[in-house]
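So the structure is just underneath, and the comments pick up after that.
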Amino acid sequence: MTTDVSVPPDTAPPIKRGSRLWVYAVFGLLAAGAAVGSAQLVAAFIAPTAAPAYAVGGAFIDRTPLWLKEFAIARFGTNDKEVLLATIAGVLVVVALVCGVLSRRFLPVACVGVAAIGLIGAAAALTRPFARLVDALPSLVGSVVGVLVLVWLTREAQRRTLSTATPPSGSPGKQELAAGTSRRTILVSALSIAAYAAVAGVVGTAVSTARSSVAGARAAIRLPKPADPAKPVPAGAAIGVPGTVAFTTANSDFYRVDINLSVPQVNPTTYQLTIDGMVEHSMKLSFDDLLSMRLVERDITMTCVSNEVGGRYVGNARWLGVHVKDLLATAGVKPGADQILTTAVDGFTVSTPLAVVTDGRDAMLAVGMNGQPLPLEHGFPVRMIVPGLYGYVSGTKWLTQMTVTTFAAQQAYWTQRGYAEHAPIRTMTRIEVPAPLATIAPGKVAIAGTAWAQHRGIEGVEVQVDNGPWLPAGLAAQDTIDTWRQWSIAWQATSGQHTLRARSVDGTGQTQTSQRREPVPSGASGWHEIVVLVS
Ligand SMILES: Nc1nc2c(c(=O)[nH]1)N[C@H]1C(S)=C(S)[C@@H](COP(=O)(O)O)O[C@H]1N2
Ligand SMILES: [Mo]
């Protein structure tokens, strides 16, 4: 072993106040990283939604104007949540860089900046529905850590600057030693902080997920058999043309629309459903109470009001649940009520006309979807399903409260934001095959797709090629009037570009309107139209 006491010459120029701005920018990033990592770690023991990015994102979603929400859904689809989180991360990086750069000359200002980010996180957490005081803690801890890290790093850097700027009275070697040590100290500190931020972030997220997840509780549930089972899906309900959707949508393929950046976790063992408002007897029911009631099973197609003409925010599943009318009968509805207001753990609310849920249709509080407990993303353990109404006025997921009230007294999440109070699903006919702008060979081609007019049913589907006559399509067997119906037609495709259109006639004899409407305020309408190239 050789003992080499000589110090390697410090080749890099010393950090001077007038140079190396990027070093300070990196300090800003490190401070932000340590802050976010610490906050994530603290949030693991409070609630996933108390983590700053989720709190800020959630608060942002609460305030998103309608046009922006529609834009996000149309532009990013179900990735809108990832886009929002990435945007928040991007903004944080920019602010962190600015604070870092500021810290070189204006450390107090930079500290105020870092603290302010944390305070914004805390404020966001406190304004979320059902917020508790502790929800602010992760962001507050984060901002303290962020400030400490920034102060520490800038002090280290400036100590080094001073030690190199003022030549010590001793030998030049001593100066190099001081500078070299400080340089290494800063590098080691920076790497340690980066490592801490990464580990805290990853461990915090993992612990948070593990602690809050109710996946295990869901796996332990055995659903009872329904007293009133659904009839088997008719053999001919699927049109069987390659490229069309499955008649029953698999749980994993079912569209997801809600206001949450992280999936709400509701523990079925502590679950409580409150029924209150204009009722004779307010009630509290456990999950087991619900399971012990009369269970019905039905095939029902759900649709989101934000679905564009030809869109994919629609799915068909077999739901198991308790009729809402049975629950209301037990509670006893007082005269004068005209609305069922349902509330969920995410603060989401839904207003549903009382007349609709009690008109004999299979409005239910569902506990099962396609033979399984509800998937976590689809409202586990309890959600509402009402055939014929868009999701925002019927499909309350993670539902914990049902309040009998009036439209005059109460409004719900989306109706407060400009959507219609009464929103029956509009008749829609989607061409699934061929794909839009597909190039196909001349000859016999199947045009096929799926149509829906929930609770009215689909009586007929017609297809038009270019401006030719409307031709009746072949219909797959109807499951129920509450489900979608598939269709197809054979077409002799000739060379050239062609426009294909489809429309339906619903069970009341109404032909689907050609009038183009935007999803806001009560659902899109118009004929789905695609262009294909035959060559
Ligand atoms: N708690 C809660 N329930 C909710 C929502 C929500 O944001 N929060 N979104 C509603 C909307 S707009 C629709 S279209 C349906 C979608 O249900 P799905 O995700 O199971 O397809 O859920 C409804 N229920
Ligand atoms: Mo929706």
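Using the working numbering, read the sequence shown as starting at 149 and increasing by one per residue.
Glycine included, every Cβ here is placed at the ideal spot set by N, Cα and C.
Reference T661, options V411, L421, R574, L502, closest by Cα: Here residue 661 corresponds to residue number 513 of the sequence shown, with the count starting at 1. Selected option, being the one with the closest Cα: R574.
Given the structure, does Y561 come close to ligand 2, in the sense that its CB is under 7 Å from one of the ligand's heavy atoms? For the purposes of this step, residue 561 is identified with residue 413 of the sequence shown, where counting begins at 1. False, no ligand heavy atom lies under 7 Å from that Cβ.
Residue range of the alpha helix (DSSP H) that G688 falls in? Because the chain spans 149 through 683 in this model, residue 688 falls outside it and cannot be assessed.
Any non-hydrogen atom of ligand 2 within 7 Å of S356 CB: Counting from one through the sequence shown, the residue named residue 356 turns up at place 208. Because no heavy atom of ligand 2 lies under 7 Å away, the Cβ of S356 does not count as near it: no.
In the DSSP assignment, find the unbroken beta strand (DSSP E) run with Q147 in it and report its ends. Because the chain in this structure spans residues 149 to 683, residue 147 falls outside the shown range and cannot be described.
Which residue from Q663, A272, G539, R308 puts its Cα closest to that of R168? One-based indexing of the sequence shown puts residue 168 at position 20. Taking only the C-alpha atoms, the option nearest R168 is R308.
Hey, would you say L301 sits closer than 8 Å to S337, going by beta carbons? Taking the sequence shown and counting its residues from 1, one reaches residue 301 at position 153. Taking the sequence shown and counting its residues from 1, one reaches residue 337 at position 189. Yes, the Cβ-Cβ distance between L301 and S337 is below 8 Å.
Check for me: the alpha helix (DSSP H) holding S186 runs from which residue to which? Residue 186 sits at position 38 when you count from the first residue of the sequence shown. That run of the alpha helix (DSSP H) goes 169-191.
How about T628 and T548: do their beta carbons lie closer than 8 Å? For this step, residue 628 is matched to residue 480 along the sequence shown. For this step, residue 548 is matched to residue 400 along the sequence shown. Going by C-beta atoms, T628 is not nearer than 8 Å to T548.
Relative to the C-alpha of G597, which candidate in E580, V611, V174 has its C-alpha closest? To locate residue 597, count along the sequence shown from 1; it is residue 449. Of E580, V611, V174, the residue nearest in Cα terms is E580.
Nonlocal neighbours in the same chain, by C-beta distance under 8 Å from L255, ignoring five residues either side: Taking the sequence shown and counting its residues from 1, one reaches residue 255 at position 107. So the list reads L298, V299, T302, once near-sequence residues are dropped.
Which term fits T451, buried or exposed, when burial requires 16 or more other beta carbons within 10 angstroms of its beta carbon? Against the sequence shown, residue 451 aligns to sequence position 303. T451 is buried by the Cβ-count criterion.
In chain order, what residues of the same chain lie with their CB nearer than 8 Å to the CB of G591, ignoring the 5 residues before and after it? Counting from 1 along the sequence shown, the entry for residue 591 is found at position 443. Closer than 8 Å at the Cβ level, and outside the excluded window around G591, lie Q640, A641.
For a quick check, are the C-beta atoms of V204 and A220 less than 8 Å apart? Sequence index remark: in the sequence shown, residue 204 carries index 56 (1-based). Sequence index remark: in the sequence shown, residue 220 carries index 72 (1-based). It is not a contact, given that the beta carbons lie outside the stated cut-off.
With C-beta atoms as the reference, is N399 less than 8 Å away from M517? What you label residue 399 is simply residue 251 of the sequence shown in a count that begins at 1. What you label residue 517 is simply residue 369 of the sequence shown in a count that begins at 1. Their beta carbons are under 8 Å apart, which means N399 touches M517 by this criterion.
Taking P200 as part of the alpha helix (DSSP H), name the residues at either end of that continuous run. Locating residue 200 in the sequence shown gives position 52, where the first residue counts as 1. Here the alpha helix (DSSP H) through P200 covers 200-211.
Can you tell me the Cα-Cα spacing of T497 and A191, whole angstroms? In the sequence shown, counting from the first residue as 1, residue 497 sits at position 349. In the sequence shown, counting from the first residue as 1, residue 191 sits at position 43. So the alpha carbons of these two residues sit roughly 26 Å apart.
For S652, which residues from the same chain have a beta carbon less than 7 Å from its beta carbon, with the 5 sequence-adjacent residues on both sides left out? Position 504 of the sequence shown, counted from the first residue, corresponds to residue 652. Contacts found: T575, T577, A599, A601, I606, G608, V609, Q660.
Looking at the structure shown, is D436 part of a helix, part of a strand, or coil, going by DSSP? Within the sequence shown, residue 436 is the residue found at index 288, counting from 1. In this structure, D436 counts as helix in the three-state DSSP scheme.
What did DSSP end up calling W562 once you bin it into helix, strand or coil? Reading the sequence shown from its first residue, position 414 is the one you call residue 562. Correct three-state label for W562: helix.
A492: which of H471, S542, Q520, A503 sits nearest, CA to CA? The count along the sequence shown starts at 1 and reaches residue 492 at position 344. Among H471, S542, Q520, A503, the Cα nearest to that of A492 is on S542.
Please list, in chain order, all residues of the same chain as S636 whose beta carbon is under 7 Å from its beta carbon, the five residues on each side excluded. Here residue 636 refers to the residue found at position 488 of the sequence shown. I387, V389, A594, I595, A596, A621, G622, listed in sequence order.
Beta-carbon spacing of G266, G294 below 8 Å: Against the sequence shown, residue 266 aligns to sequence position 118. Against the sequence shown, residue 294 aligns to sequence position 146. Cβ distance < 8 Å, so G266 and G294 count as in contact.
Going by beta carbon distance, what residues of the same chain come within less than 6 Å of I678, once the five residues before and after it are set aside? Within the sequence shown, the letter at position 530 stands for residue 678. Result list for I678: I579, P584, L648, in chain order.
V462 to T490, Cα distance in whole Å? In the sequence shown, the residue the question calls residue 462 occupies position 314. In the sequence shown, the residue the question calls residue 490 occupies position 342. Their backbone Cα atoms lie some 22 Å apart in a straight line.
Please say whether A511 and S670 have beta carbons closer to each other than 8 Å? Numbered from 1 along the sequence shown, position 522 holds the residue referred to as residue 670. Numbered from 1 along the sequence shown, position 363 holds the residue referred to as residue 511. Result no, Cβ atoms of S670 and A511 do not sit closer than 8 Å.
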